[in-house]
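The structure under discussion appears below in the form of structure tokens.
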Amino acid sequence: MWESSRMMLPQHKEQSLAMSIQNDTSQGPQEPLTRKEMDMMREYVLLPVALHIVEKKILEVEMSPQMLKLLYSTAAKVLANHIREDMQKSKKLLFERNIRVFEDSKSDSELTYRYICRGMEDQFVMTKDYMRAEVSVRIGRYVRSLAAVMKEKAIEK
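To convert, count from 1 in the sequence shown and add 34; that's the numbering used here.
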């Protein structure tokens, strides 16, 4: 018998199949998804949305006639860079834990995501209202963090 690009004897194929079945059953039941892993997947989904909103605001500010538009757009660009860094960290963490997340479907009120974690495949749903609220909270945290750094720098001078 030929298996892929190499020749394999029937008894070797049977032995190989038996070993793979034994390995699958010896692993036992899969561990359920942890709260931390679920939070990591949410972060992976929400951060690009937050980045999109901040980048859109940067363009709006730069096109506005506001006197302080340079200050506002610069601060927003710093926020965008922080979000990008966190997105990279989020991707890296999911990759290290061998978790993959895919957008599955969209409707007017919700988005469904499919994930694969430790060989398990499942899905989670986020309503658009939930996403708006969570993105708003996250952007607020970035703004407070940046404001705290700016205040600290002003006090040092």
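The C-beta atom is built at its ideal place from N, Cα and C for all residues, glycine as well.
Would the beta-carbon of LEU80 fall within 7 angstroms of that of GLU168?
Yes, they are a contact pair.
Using only the heavy atoms of the ligand ZN, determine whether one of them is closer than 6 angstroms to the beta carbon of ILE87.
For the ligand ZN, the structure offers nothing, since it holds no ligand at all.
Answer yes or no: do LEU113 and TYR78 have a C-beta to C-beta separation smaller than 7 angstroms?
7 angstroms or more divides the Cβ of LEU113 from the Cβ of TYR78.
Nearest candidate by alpha-carbon position, reference TYR176, set LEU67, MET97, GLY153, ASN115
Among LEU67, MET97, GLY153, ASN115, the Cα nearest to that of TYR176 is on ASN115.
At least three beta-carbon pairs within less than 8 angstroms, the segment 90-102 to the segment 177-184
No, because fewer than three Cβ pairs between the segment 90-102 and the segment 177-184 fall closer than 8 angstroms, the two stretches do not touch.
Here's the rule I'm using: 16 or more other beta-carbon atoms within 10 Å means buried, otherwise exposed. How should ILE150 be labelled?
It counts as exposed.
Among the residues of its own chain, which have a CB less than 8 angstroms from the CB of VAL159, if the five just before and after it don't count?
Within its own chain, the residues whose Cβ lies closer than 8 angstroms to the Cβ of VAL159, once the five positions on either side in sequence are excluded, are GLU144, LEU145, THR146, TYR147, listed in chain order.
With H, G and I counted as helix, E and B as strand and the rest as coil, what does DSSP make of SER60?
The pLDDT assigned to SER60 is 44, lower than 50, so where the model puts this residue is not dependable; a value taken from the coordinates is nonetheless given after this. If DSSP states are grouped into helix, strand and coil, SER60 belongs with the helices.
What do you get for SER192, buried or exposed, if any count of 16 or more other CB atoms within 10 angstroms of its CB means buried?
Nothing can be reported for residue 192: it is not among the residues displayed for the chain, which extend from 35 to 191.
Presumed contact (8 angstroms Cβ cut-off) between ARG131 and GLU65, rounded CB distance
With a beta-carbon spacing of about 12 angstroms, ARG131 and GLU65 fall beyond the 8 angstroms limit used to define contacts.
Nearest-angstrom Cα separation, counted from ARG152 out to MET184
Rounded to the nearest whole angstrom, the C-alpha separation of MET184 and ARG152 is 42 angstroms.
The beta strand (DSSP E) spanning PRO139 covers which residue range?
Contrary to the premise, residue 139 reads as Ser rather than Pro in this sequence. Looking at the DSSP string, the run of the beta strand (DSSP E) that includes SER139 is 133-140.
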